[in-house]
Amino acid sequence: MSTARARRRGGPTLIGSANALRGMERFYGDLSEGAEPLDVALEVVKIVEADPRDHSVGLGGLPDERGHVTLDAAVMHGPTHNSGAVGCIENILHPSEVARLVMERTDHCLIVGPGAYRFARDHGHPHAELLTDEAREIWLRWRESMSERDDRLPPRAKEGEKSGKVIRGHSGDEVAVEDLLWDERITGTIHCSALGKTGDVACTTTTSGLAWKIPGRVGDSPIVGAGLYCDQEVGSAGGTGRGESAILANASFAAVELMRHGRAPADALREVLERVKRQAKRASAWQPELIREDGQPSFDLQLYAVDLGGRTAGMSLRGRGNYAVADPENGPRHEPLVGV
Ligand code: GLY
Numbered sequence: 002m003s004t005a006r007a008r009r010r011g012g013p014t015l016i017g018s019a020n021a022l023r024g025m026e027r028f029y030g031d032l033s034e035g036a037e038p039l040d041v042a043l044e045v046v047k048i049v050e051a052d053p054r055d056h057s058v059g060l061g062g063l064p065d066e067r068g069h070v071t072l073d074a075a076v077m078h079g080p081t082h083n084s085g086a087v088g089c090i091e092n093i094l095h096p097s098e099v100a101r102l103v104m105e106r107t108d109h110c111l112i113v114g115p116g117a118y119r120f121a122r123d124h125g126h127p128h129a130e131l132l133t134d135e136a137r138e139i140w141l142r143w144r145e146s147m148s149e150r151d152d153r154l155p156p157r158a159k160e161g162e163k164s165g166k167v168i169r170g171h172s173g174d175e176v177a178v179e180d181l182l183w184d185e186r187i188t189g190t191i192h193c194s195a196l197g198k199t200g201d202v203a204c205t206t207t208t209s210g211l212a213w214k215i216p217g218r219v220g221d222s223p224i225v226g227a228g229l230y231c232d233q234e235v236g237s238a239g240g241t242g243r244g245e246s247a248i249l250a251n252a253s254f255a256a257v258e259l260m261r262h263g264r265a266p267a268d269a270l271r272e273v274l275e276r277v278k279r280q281a282k283r284a285s286a287w288q289p290e291l292i293r294e295d296g297q298p299s300f301d302l303q304l305y306a307v308d309l310g311g312r313t314a315g316m317s318l319r320g321r322g323n324y325a326v327a328d329p330e331n332g333p334r335h336e337p338l339v340g341v
């Protein structure tokens, strides 16, 4: 029996990005009563996939540079050590459910693009228009503001005047639409890791990815080891934020491996995020915009983890905003993300 297994087993626990709180409040009771962790994690994220107000996931997600909403999602199941994912899928409301179908109804781990859409339709998922009017208008503003040397004109505003319009990021922090156009490209997402009553683990991550991305770009969310990972002998972890940094650090796998070797979730996440910082500094020799003048990364990455003992942690490069957690001691709630 591994060291992690030998520790006290924790009670039913959920952890994930701040936007998972609503789902946790609704479904934590089911987990406590013995529901399957994967079923519960999926119910949690599906609420946000169907919510047009969250511009980082599913319906209402911000589109790629051509105005197409493309989604990435994955699930991982501890008891069978299996996973399924879809990348760059369009016009399907619940990519997380399709990811589960990939896991349960195929011998593959990842299906992308039109093939993923076709696969979803074959399994009865209806065609859905995901670009809402609000997301389309924000995208249009971005296109009009992109260059002073094209023929597109943004709506007239007095100098320095902001529309006052804000959208909420997945960590719960508010971003002004004007800042989103230039400073804060949304790399939202929702992640949920679950530890069940009997000690089974599972996780899922689902996203509309980076706003204004190059068509075809796939982030960390559908990549097992990057945007999510779980191991029945250890626990579960996942990430939101700049997907490229999570891919390059294999962040979720790294966190689970550190926990396997005895680290508490908080120590594991801290080490991975410190690693991400060092990697960004090295990469900045070629891509200077990755590091700000004060030497810190110009982007954020949030990581979440739970071990089999029910210990949890939520950390990020910037320590801005919240994460969501639900455990037997205190139920579902927001906790502040700890910065590194
Ligand atoms: N973490 C979401 C993305 O980068 O696509």
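Those letters in the sequence shown? Residues 2 to 341, per our numbering, in order. Think of the CB as a built atom: it goes at the ideal place given N, C-alpha and C, for glycine as much as any other residue.
Among the residues of its own chain, which have a CB less than 7 Å from the CB of residue i, if the five just before and after it don't count?
i	result
Glu336	Gly315, Asn323, Tyr324, Val326
Arg67	Pro216
Val341	Arg271, Leu274, Glu275, Met316, Leu318
Glu265	Here residue 265 is Ala; the residue named in the question, Glu, does not match the sequence. Closer than 7 Å at the Cβ level, and outside the excluded window around Ala265, lie Arg312.
Gly320	Leu338, Val339, Gly340
Glu138	none
Ser285	Leu291, Ile292
Reducing DSSP to helix, strand and coil, say where residue i ends up.
i	result
Trp183	Because Trp183 carries a pLDDT of 48, less than 50, the predicted location of this residue cannot be relied on, and the following value inherits that uncertainty. Trp183: helix per DSSP, three-state reduction.
Met260	helix
Arg283	helix
Ala100	helix
Ser334	One point to set straight first is that residue 334 is Arg, not Ser, in the sequence displayed. Note: Arg334 maps to strand in three-state DSSP.
Leu131	coil
Ile139	helix
Met77	strand
Leu270	helix
Met316	strand
Asp108	coil
Asp328	strand
Pro115	helix
Val45	helix
Asn20	helix
Ser194	strand
Leu15	strand
Gly125	coil
Going by C-alpha to C-alpha distance, which of the options sits closest to residue i?
i	options	result
Tyr230	Phe254, Ser222, Gly217	Phe254
Ile90	Ile139, Arg276, Ala121	Ala121
Lys198	Glu44, Gly310, Val277, Ala256	Gly310
Ser84	Arg243, Arg276, Thr205	Thr205
Ile292	Leu318, Leu304, Val307, Ala267	Leu318
Asn92	Pro80, Asp73, Val46, Thr81	Asp73
Glu135	Asp55, Glu290, Gly239, Glu26	Asp55
His109	Met77, Pro13, Thr208, Lys278	Met77
Gly114	Pro223, Trp143, Arg153, Ala284	Pro223
Gly332	Leu259, Thr81, Leu15, Arg9	Leu15
Thr81	Asp65, Leu154, Arg101	Arg101
Lys214	Val46, Gly244, Gly240, Ala269	Gly244
Thr241	Val257, Thr208, Glu258	Thr208
Val70	Arg283, Gly210, Gly263	Gly210
For residue i, which residues in the same chain have their Cβ closer than 8 Å to its Cβ, ignoring the five residues on either side in sequence?
i	result
Thr133	Pro53, Leu60, Gly61
Asn251	Gly226, Ala227
Arg153	Arg144, Glu145, Met147
Are the beta-carbon atoms of residue i and residue j separated by less than 7 Å?
i	j	result
Ser246	Leu302	yes
Gln288	Leu249	no
Ser97	Leu22	no
Val219	Gly88	yes
Pro13	Asp201	no
His192	Tyr305	yes
Gly79	Ala203	yes
Ser308	Met260	For clarity, residue 308 is Asp in the given sequence; the question names Ser instead. Their beta carbons are under 7 Å apart, which means Asp308 touches Met260 by this criterion.
Phe28	Val45	yes
Taking the C-alpha atoms as reference points, what is the distance between residue i and residue j?
i	j	result
Ala86	Ser57	18 Å
Glu50	Leu94	7 Å
Thr107	Leu63	30 Å
Ser299	Thr190	18 Å
Glu330	Leu338	19 Å
Ser146	Ala212	14 Å
Gln297	Val277	11 Å
Trp143	Asp151	13 Å
Glu34	Ser194	17 Å
Trp183	His128	With a pLDDT of only 48 at Trp183, under 50, the local geometry of the prediction cannot be trusted, and the value read off the model is given with reservation. Going from the Cα of Trp183 to the Cα of His128 covers about 32 Å.
Val41	Leu196	10 Å
Leu131	Leu111	22 Å
His124	Met104	13 Å
Val257	Ala269	8 Å
Glu149	Leu141	15 Å
Ala75	Ile48	16 Å
Ala36	Val99	20 Å
Spatial neighbours of residue i within its chain, please: CB distance less than 6 Å, with the 5 preceding and 5 following residues excluded, ordered by chain position.
i	result
Ser3	The predicted position of Ser3 is uncertain, since its pLDDT is 46 and thus under 50; a value taken from the coordinates is nonetheless stated next. Only Glu234 meet the Cβ criterion.
Glu26	Pro333
Does chain D have any CB closer than 7 Å to the CB of residue i?
i	result
Asp301	The displayed structure is made up of one protein chain only, and chain D is not part of it.
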